Amino acid sequence: MDDKSQAANGWPQAPGPYTAAAALAPLAGMSVPLGEGASVPLSIRAEEGLTPTRLRLEQEHAYFNDIYLLAPVGYFVLGLDTTILQMNLVGADLLGVPRQNPDRVQFRNFISPRFVADFDRFVQAAVNSSEPQRCDLQLLRAHEQHGFPATLRASADLGGQALRVVLELAEGKLAALERSEERFRRIVHTAEEGIWEIDDQARTSFVNPKMAAMLGYTIEEMLEQPLVNFMDEEGRLILERNIARRRDGVAERHEFKFLRKDGSELWATLATNPIFDPQGQYLGALALVTDITARRETSELIWHQANFDALTALPNRHMFQDRLRQEMKKASREGLFLALLFIDLDGFKQVNDTLGHAQGDALLVEAARRIGTCVRASDTLARLGGDEFTIILSGLDHVSSVERIAQNILANLNQPFQLGEQQGRVSASVGIALYPSDAAEPDDLLRHADQAMYAAKHGGRNRYSYFTPDLQVAAQARLRLGQDLRLAQAQGQFALHYQPIVNLRTGAIERAEALLRWQHPQRGLLGPAEFLAQAESNGLILDIGDWVFRQAAAQARQWQARFGAGFQISVNLSPGQLRGDAALYQGWQDYVRALALPPRSIVLEIGEGVLLDSASQVVARLRALREMGLQVALDDFGTGYSSLAHLKHFDIDYLKLDHSFVRELAADTGDLALCEAVIAMAHKLGLRVVAEGVETLVQRDLLAQAQCDFAQGYVYAEALPAPQFTALAERGLPPAAPA
Numbered sequence: 229m230d231d232k233s234q235a236a237n238g239w240p241q242a243p244g245p246y247t248a249a250a251a252l253a254p255l256a257g258m259s260v261p262l263g264e265g266a267s268v269p270l271s272i273r274a275e276e277g278l279t280p281t282r283l284r285l286e287q288e289h290a291y292f293n294d295i296y297l298l299a300p301v302g303y304f305v306l307g308l309d310t311t312i313l314q315m316n317l318v319g320a321d322l323l324g325v326p327r328q329n330p331d332r333v334q335f336r337n338f339i340s341p342r343f344v345a346d347f348d349r350f351v352q353a354a355v356n357s358s359e360p361q362r363c364d365l366q367l368l369r370a371h372e373q374h375g376f377p378a379t380l381r382a383s384a385d386l387g388g389q390a391l392r393v394v395l396e397l398a399e400g401k402l403a404a405l406e407r408s409e410e411r412f413r414r415i416v417h418t419a420e421e422g423i424w425e426i427d428d429q430a431r432t433s434f435v436n437p438k439m440a441a442m443l444g445y446t447i448e449e450m451l452e453q454p455l456v457n458f459m460d461e462e463g464r465l466i467l468e469r470n471i472a473r474r475r476d477g478v479a480e481r482h483e484f485k486f487l488r489k490d491g492s493e494l495w496a497t498l499a500t501n502p503i504f505d506p507q508g509q510y511l512g513a514l515a516l517v518t519d520i521t522a523r524r525e526t527s528e529l530i531w532h533q534a535n536f537d538a539l540t541a542l543p544n545r546h547m548f549q550d551r552l553r554q555e556m557k558k559a560s561r562e563g564l565f566l567a568l569l570f571i572d573l574d575g576f577k578q579v580n581d582t583l584g585h586a587q588g589d590a591l592l593v594e595a596a597r598r599i600g601t602c603v604r605a606s607d608t609l610a611r612l613g614g615d616e617f618t619i620i621l622s623g624l625d626h627v628s629s630v631e632r633i634a635q636n637i638l639a640n641l642n643q644p645f646q647l648g649e650q651q652g653r654v655s656a657s658v659g660i661a662l663y664p665s666d667a668a669e670p671d672d673l674l675r676h677a678d679q680a681m682y683a684a685k686h687g688g689r690n691r692y693s694y695f696t697p698d699l700q701v702a703a704q705a706r707l708r709l710g711q712d713l714r715l716a717q718a719q720g721q722f723a724l725h726y727q728p729i730v731n732l733r734t735g736a737i738e739r740a741e742a743l744l745r746w747q748h749p750q751r752g753l754l755g756p757a758e759f760l761a762q763a764e765s766n767g768l769i770l771d772i773g774d775w776v777f778r779q780a781a782a783q784a785r786q787w788q789a790r791f792g793a794g795f796q797i798s799v800n801l802s803p804g805q806l807r808g809d810a811a812l813y814q815g816w817q818d819y820v821r822a823l824a825l826p827p828r829s830i831v832l833e834i835g836e837g838v839l840l841d842s843a844s845q846v847v848a849r850l851r852a853l854r855e856m857g858l859q860v861a862l863d864d865f866g867t868g869y870s871s872l873a874h875l876k877h878f879d880i881d882y883l884k885l886d887h888s889f890v891r892e893l894a895a896d897t898g899d900l901a902l903c904e905a906v907i908a909m910a911h912k913l914g915l916r917v918v919a920e921g922v923e924t925l926v927q928r929d930l931l932a933q934a935q936c937d938f939a940q941g942y943v944y945a946e947a948l949p950a951p952q953f954t955a956l957a958e959r960g961l962p963p964a965a966p967a
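Per our numbering, numbering of the sequence shown is gapless, rising by one per residue and ending at 967.
What follows is the structure in structure tokens.
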């Protein structure tokens, strides 16, 4: 492995065989933090190993830092009643108590009787002072009568809820080092926790007997073996995510899964400590390893039983309520809406009574599976009990998306269920409530969805109903619109209109944006805002978008023959199209090639949301289209959450300023300064800028002065059918008059 791979294993890189000196190396140049602005020096210091970054990182640990687990002095965290909350290995050895302190003994119990009053004053002073306190006294080891002299240093933590105490034996430094060497050897070989050292090649350089036994190996079998030999792929990926923190030398505690020699799993907590040489370079890592397999299995079982339905393995009511609260908060932050679907199976009681509870349970399991196929992985499907299910649909921007899912659920559940030798049939009544329009609190939203479900049941079953009557009427209108859209495509009712895009330097029409129109037989000519959302939600956008691309490409070929090879046409591309079948885009490439049309003749306009879309498929499709030679424009810039910083990671050719930038444009407003800044930065990134919504000569002239490249808007022309556009382009625009 290279250096980065070694760091990726989650261990700071380590030195050679274990010695007390190696154990002390991580502590060189550090102090035990004892409160804001105060620290107690350790007995062994090596100032040459200290760096400000390492010191700062250690002092930021306000409660207990695992780096002190192997310190050569005793280190304790005490409650205000002196109960030992945490201690390191040396501290536990000095007092003769288990490190986890299961009996919750108090540190005060180990003070020799004649020093108790001194100790109490020492504790009181430490609690009430921002400065570390010192006390020389005599301590008693558990179950022993003879005491030993020691020095205590203590300070309250930042919250004033605990004391941090360092215990040093009252003896010379050389004697302390000799005793620590002997103590470490005894501790390491008799410890009930594993100790594991890794060298600078991420190979095992030392393990104690307990560590080898935990994994089922002998010590000799583990030495020189790479760390990854004891992990599965999942564990390696988890460790790789810690590269940065390991290279920063941060001592941390993490849970990891290892594989024992027999292939079984060992879950363990690792308190890893970076080891440095005097120049501050990584040498490796030392870890204290605790087996938590049994505890983890028990905890996971308890958690699973508390949060999941035993029959269907779906989230139960408890987890559903927690998810609903979280998703409502998220929807509020992101300005989107959330839909809650309440599903009740029609006719389930009859199946259960007729075929028996076992077959009824089998039907519920299959119903849960069928409903699950209708929702996204990010949605939450839960079973509240009996034959009642709920679905949380989050991150929505169109109500019609909810209806498509509800329709699919109804269709899936209406199919026969094979239950042993017999068949059962049920349907579903679905209630829909929306956040935030129908309720602001989780309990209210659930109650409203339940009421809407009963409305669907009373309305004839096998249907869905909204909580709000107005939404129900709108849903029926959308259903009719979807049917009309399918008919429109079959009967050729769609057309493209083209809006000129003008070069602000020359005044020539060099480009056009293709805009979809629908000649509705009853409602007349409709713009895309009146039907594209519905087309997106029911999947028709893929076929419509394919038709738009091919029409625009054919038109571009005609206009290039008239107006020159550089003429371009822009077409709008939705996120739904980018999630479609890749074969569609291969067809575009073949079509453009058949027309003998240079691919750069077509500019794909995308919204800002595409740059923020976390789906890797969307990003990959966009890049694939760019690699075909098509150009890309970022539409409506300034209305969403993207910034110019995002553009560095995508191949964008044009930036289209939203009309909101242009609307109030005047020589003495901040809008002009903002436009100038955006245009200048876009040019620095190699992008050309198109201003949309230009309606006045003043706006046109100010944009030209700001070095904007292109403009489109009513100051030139609205979107025109192809023949009218051709005539306008042939005669040209009138000379630019001053505003």
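Using N, Cα and C, we set each Cβ at its ideal position, and we do this for glycine too. Computed from a predicted model, the values in this text were never measured in an experiment.
Please report the straight-line C-alpha distance between residue i and residue j, rounded to a whole angstrom.
i      : j      : result
Ile530 : Asp550 : 17 Å
Gly614 : Ile633 : 22 Å
Arg807 : Gln533 : 37 Å
Gln747 : Ala947 : 15 Å
Ala932 : Arg733 : 7 Å
Asn640 : Ala605 : 18 Å
Arg336 : Leu367 : 9 Å
Ser383 : Asn329 : 21 Å
Leu313 : Gln389 : 12 Å
Tyr303 : Asn316 : 6 Å
Val838 : Val847 : 8 Å
Glu525 : Ser628 : 43 Å
Gly735 : Leu961 : 7 Å
Pro644 : His686 : 23 Å
Pro523 : Leu494 : It should be pointed out that residue 523 corresponds to Arg in this sequence rather than to Pro. If you take the alpha carbons of Arg523 and Leu494, they lie about 11 Å apart.
Glu372 : Arg342 : 16 Å
Phe376 : Phe338 : 11 Å
Leu621 : Arg598 : 16 Å
Mark residue i as exposed unless 16 or more other C-beta atoms lie within 10 angstroms of its C-beta, in which case mark it buried.
i      : result
Leu753 : exposed
Pro963 : exposed
Val701 : exposed
Phe953 : buried
Gln287 : Any answer about Gln287 is weak, because its pLDDT of 41 lies below 50 and its placement is not dependable; what the coordinates show is given next. The residue in question, Gln287, is buried, as its Cβ has 16 or more Cβ neighbours within 10 Å.
Arg971 : Past the boundaries of the shown model lies residue 971; the chain is included only from 229 to 967, so the question cannot be answered.
Thr582 : exposed
Leu568 : buried
Gln783 : buried
Between which residues of its own chain and residue i is the CB-CB distance below 6 Å, once the five residues before and five after are set aside?
i      : result
Thr379 : Asp364, Glu396 and Ala398
Pro172 : Residue coverage of the chain in this structure runs from 229 to 967, which leaves residue 172 outside it and unanswerable.
Asp537 : Asn544 and Arg611
Glu738 : Asn731
Ala723 : Arg745
Ala515 : Trp424, Leu498 and Thr500
Met450 : Thr432, Val435 and Ala440
Met856 : Gln817 and Pro827
Gln859 : Arg828, Val831 and Asp881
Gly324 : Arg369 and Ala370
Give me, in chain order, the residues of the same chain whose beta-carbon lies closer than 8 Å to that of residue i; leave out the 5 immediate sequence neighbours on both sides.
i      : result
Asn690 : Asp574, Leu638, Asn642, Ser655, Ala656 and Ser657
Arg959 : none
Between which residues of its own chain and residue i is the CB-CB distance below 7 Å, once the five residues before and five after are set aside?
i      : result
Asn436 : Val416, His417, Ala419, Gly422 and Ile423
Arg561 : none
Leu812 : Leu770 and Asp774
Gln788 : Phe795 and Ser829
(message) Whether or not the segment 788-807 and the segment 827-836 are in contact is what I'm after, with contact meaning three or more pairs of Cβ atoms, one per stretch, closer than 8 Å; do they touch?
(response) yes
(message) Three Cβ pairs or more, each shorter than 8 Å: is that satisfied between the segment 551-559 and the segment 668-677?
(response) yes
(request) State whether the segment 877-885 contacts the segment 912-932, with contact taken as three or more CB pairs (one from each stretch) at a distance under 8 Å. (result) yes
(request) Evaluate contact between the segment 703-718 and the segment 759-779, counting only Cβ atoms and requiring at least three cross-stretch pairs below 8 Å. (result) yes
(request) Write down every uninterrupted run of the beta strand (DSSP E) in the segment 534-580 whose length is 3 residues or greater and which is fully enclosed by it, in chain order. (result) 565-574
(request) Quick one: which unbroken alpha helix (DSSP H) runs of 4-plus residues sit fully inside the segment 405-468? Chain order, please. (result) 437-443, 447-450 and 461-468
(request) Just list the alpha helix (DSSP H) runs in the segment 670-704, keeping only unbroken ones of 4 residues or longer that don't cross its boundaries, in chain order. (result) 670-686
(message) What ranges does the alpha helix (DSSP H) occupy inside the segment 913-956, keeping only unbroken runs of at least 4 residues that lie completely in it?
(response) 925-933
(request) Run through the segment 788-860 for me and flag every whole alpha helix (DSSP H) of 4 or more residues, listed as ranges in chain order. (result) 803-806, 810-822, 836-840 and 844-855
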